[in-house]
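Enquirer:
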Amino acid sequence: MSRTQKRSGRDGATTAEASAREGGGGRGSAGAVQSVDRAVSVLEILARHGEAGVTEIADELDVHKSTAFRLLGVLENRGLVTQAKDRGKYYLGAGVLRLAGAAAVRLDISQEGVPVCREVADELGETVNIAVLDDDAAVNIMQARGTASVTAQNWLGRRSPLHATSSGKVLLAHMPPTLREGQLARPLHRFTERTVTGAAMLRAELEAVVEQGYAMTVEELELGLAAVAAPVHSHDGTVIAAITVSGPVYRLNADRLPEVAKRTVAAGAELSRRMGYGF
C-alpha cells in the first residue's frame, strides 16, 4: 500500500486531497502554516542527524519525497540547507549560522551590557538602556535604573521610533545608506512639536551624529523626556546597538547634557570593547 493510501485510510481524505495538503497546495493560511511547520521540522531533523537524504526526511515527516524535495529546495535557495554533491545528502547551511549569530549578538550584548549599564546608572543616577534595531524601530533589550529615577517606567522590550529617539538616531545614522534612505522615505510621525519630521533635516542630524559620536533628543518622543545615545560596535566595527541615558529634562538640562553625552560615549566604547571591537 502506498504512503498516500495509508494516509487516506487514517483521515478519510482522498489521494488527491492528501497530496494537495502535503504540497501546501492550498492557497489559504492553513497551507502556508503547514509548509512553515514542515520547513522548520526539516531544519530540526538535520540538526539532530547532522545530514539526511530526501527519503529519510520524507519518512520522518511522513510526506511524499516530492514534498520533501520542494521543502529542501526552498531552504537551499535561502542558504539554510546545503546539499553534499558527492553523497546527495543535505545538511544545515551557512544561513542558519547567520540567523543564530544575530540571536547570539542580542544575548551577548545583554549579558556584557549589565555591568556597563549599572555602573553608568549608579554614577549618573539616570536610566540606562541598550537598544537594537528591529526593522523600523529601536527595541530596548537591557535596562538599569539610576538612584535619581523617581518613576518606575519600564522601557525594556519597548519598540521606539527611530526618528524620534536618541537610540534610534544612532542606529539610523550607522545604517547602510540604502536602508537609511528607505527609512527616511517613510512618513515620519510627529509625537511632539519638537519631533523632527522632515527627511532633509533628519538627514543632516544623522550626519552630525556620526561626526560627534552620539545623538541627543529633548522632548522629541515625550514631553519632559531627554536622552543621549552612543553607538556600540561589534568586533568587525558594525554598529549593533545603542546605549542610552535618559531622564527628565529638569535634570538632563543644557548644562548637564554635555557631561552625560561624554559619559555615554565612554560607556559605548567600553561595551564595544567587551564585544570584541578594537582587538
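Number 44 in our numbering belongs to position 4 of the sequence shown; there are no gaps in the numbering. Built from N, CA and C at the ideal position, the CB exists for glycine as well.
#1: In the DSSP assignment, what are the bridge partners of residue 273?
#2: Give me, in chain order, the residues of the same chain whose beta-carbon lies closer than 7 Å to that of residue 128; leave out the 5 immediate sequence neighbours on both sides.
#3: Counting beta carbon pairs with one atom in the region 212-226 and one in the region 160-169, are three or more of them shorter than 8 Å?
#4: How many Å lie between residue 239 and residue 112 at the Cα?
#5: Counting Cβ pairs, one atom from each stretch, are 3 or more of them under 8 Å apart for the region 245-254 and the region 267-276?
#6: Alpha carbon to alpha carbon, what distance is there between residue 180 and residue 318?
#7: Output needed for residue 53: all residues of its chain with C-beta closer than 7 Å, excluding positions within five of it in sequence on either side, in chain order.
#8: Go through the region 153-217 residue by residue and report every complete run of the beta strand (DSSP E) that reaches 3 residues or more, in order.
#9: Select from 149, 315 and 283 the residue whose C-alpha is nearest the C-alpha of residue 206.
#10: Straight-line CA distance for residue 243 to residue 311?
#11: Thinking just about the alpha-carbon of each residue, which of 82, 74, 172 and 99 is nearest to the one in residue 325?
#12: Considering only the alpha carbon of each residue, which of 306, 98 and 118 lies closest to residue 82?
#13: Within this structure, are the beta carbons of residue 199 and residue 174 separated by less than 8 Å?
#14: If the criterion is Cβ atoms closer than 8 Å, does the pair residue 279 and residue 304 meet it?
#15: Here's the rule I'm using: 16 or more other beta-carbon atoms within 10 Å means buried, otherwise exposed. How should residue 316 be labelled?
#16: With the cut-off set at 8 Å, would you say residue 132 and residue 101 are in Cβ contact?
#17: Using C-beta distances below 7 Å, list every residue in its chain close to residue 208, excluding the 5 sequence neighbours before and after it, in chain order.
#18: List the endpoints of the continuous alpha helix (DSSP H) containing residue 111.
#19: Judging by CA-CA distance, which residue of 257, 176 and 167 is the nearest neighbour of residue 184?
#20: Between which residues of its own chain and residue 123 is the CB-CB distance below 6 Å, once the five residues before and five after are set aside?
#21: Assuming contact is defined by CB atoms lying nearer than 8 Å, are residue 108 and residue 119 in contact in what I supplied?
#22: Kindly give me the distance between the Cβ atoms of residue 79 and residue 114, rounded to whole angstroms, as I take these residues to be in contact under 8 Å.
#23: So, using beta-carbon positions, are residue 235 and residue 281 closer together than 8 Å?
#24: Report yes if the CB atom of residue 237 is closer than 8 Å to the CB atom of residue 230, and no otherwise.
#25: Have a look at residue 76 and residue 154 and give me their C-alpha separation to the nearest angstrom.
#26: Check this for me: beta carbons of residue 292 and residue 266, under 8 Å apart or not?
#27: Helix, strand or coil: which one does DSSP assign to residue 256?
#28: With DSSP as the reference, label residue 263 as helix, strand or coil.
Expert: Taking the coordinates as given:
#1: 279
#2: 93
#3: no
#4: 43 Å
#5: yes
#6: Rounded to whole angstroms, the gap between the alpha carbons of residue 318 and residue 180 is 25 Å.
#7: Only weak support exists for where residue 53 lies, its pLDDT of 39 falling under 50; the value from the coordinates is given anyway. Closer than 7 Å at Cβ, skipping near neighbours: no residue.
#8: Inside the region 153-217, DSSP marks whole beta strand (DSSP E) runs of 3 or more residues at positions 167-174, 177-184 and 199-201, from first to last along the chain.
#9: Measuring C-alpha to C-alpha distances from residue 206 to each of 149, 315 and 283 identifies 283 as the nearest.
#10: 27 Å
#11: Outside the shown range of the chain (41 to 319) lies residue 325, about which nothing can therefore be said.
#12: Nearest to residue 82 by C-alpha distance, out of 306, 98 and 118, is 98.
#13: yes
#14: no
#15: By the 10 Å Cβ count, residue 316 comes out exposed.
#16: no
#17: 178, 200, 201 and 202
#18: 105-117
#19: The candidate whose alpha carbon is nearest that of residue 184 is 167.
#20: Correct list, in chain order: 130.
#21: No, Cβ-Cβ distance for residue 108 and residue 119 is not below 8 Å.
#22: The pair is a contact, with the Cβ atoms about 7 Å apart (cut-off 8 Å).
#23: No; because the gap between Cβ atoms is not below 8 Å, this pair is not in contact.
#24: yes
#25: 36 Å
#26: Yes, these two residues count as a Cβ contact at 8 Å.
#27: Taken through DSSP and simplified to helix, strand or coil, residue 256 comes out as strand.
#28: coil
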